[in-house]
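Encoded as structure tokens, the structure appears first; notes follow it.
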Amino acid sequence: MTTLIPHSSEAPTQVGVPRPRVSDRVRRNAALTAERLGPGRYLAIEDGGDVVVIAVGEGSLRVGRGLGADVVLEDRSVSRRHAVITCRGGEVVLLDDRSLNGVWVNDERVRQATLRDGDAVALGDVQMRFLSVG
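Following the working numbering, the numbering of the sequence shown begins with 2 at its first residue and continues without gaps.
Here you go:
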């Protein structure tokens, strides 16, 4: 009886490994932020087996699948223009930007929400957490 061993190029691909969801551009900027993580407000995005940390500044961040977004999430469950994160009166506010799958904060669908430290945020199937480091 002959046993066939597949050539390395014919070996099956890994199944069950999560595909990265955060664009390479966002990952590069996040790596720079993580090196000097200090007091501030951040989004920690679950990305495959990693967590990507994005600084939330004083302006607005557009989050979505479209290339025009500040934070590009490469996941089909995320709309091209999914959400906007903005600062209002010293608070961080998350706004749904007419997304199809909605914006969820702590398992509740919202049109807008003021984010607090530790809030769980979901945009489509992408999970993240809001962090406020004092």
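Using N, Cα and C, we set each Cβ at its ideal position, and we do this for glycine too.
Less than 8 Å divides the Cβ of G65 from the Cβ of R82. Residues of the same chain with a CB within less than 7 Å of the CB of A45, apart from the 5 flanking positions on each side, are V52, V54, M129, R130 and L132 in chain order.
Shown here for E47: same chain residues with a beta carbon closer than 6 Å to its own, the five before and five after excluded, namely Q128 in chain order.
Sequence-distant Cβ neighbours of N107 in its own chain, meaning closer than 8 Å and more than five residues away, are D120 and A121.
Distance from the Cα of G58 is smallest, within the candidate group G135, D25 and C88, for C88. Residues of the same chain with a CB within less than 7 Å of the CB of V79, apart from the 5 flanking positions on each side, are G65, R66, L124, G125 and V127 in chain order.
Check the Cα spacing between R117 and each of G103, G135, L68 and L62: the tightest is with G135.
Close CB contacts of V94 within its chain, under the 8 Å cut and outside five residues either way in sequence, are with I86, T87, C88, Q113, A114, T115 and L116 (chain order).
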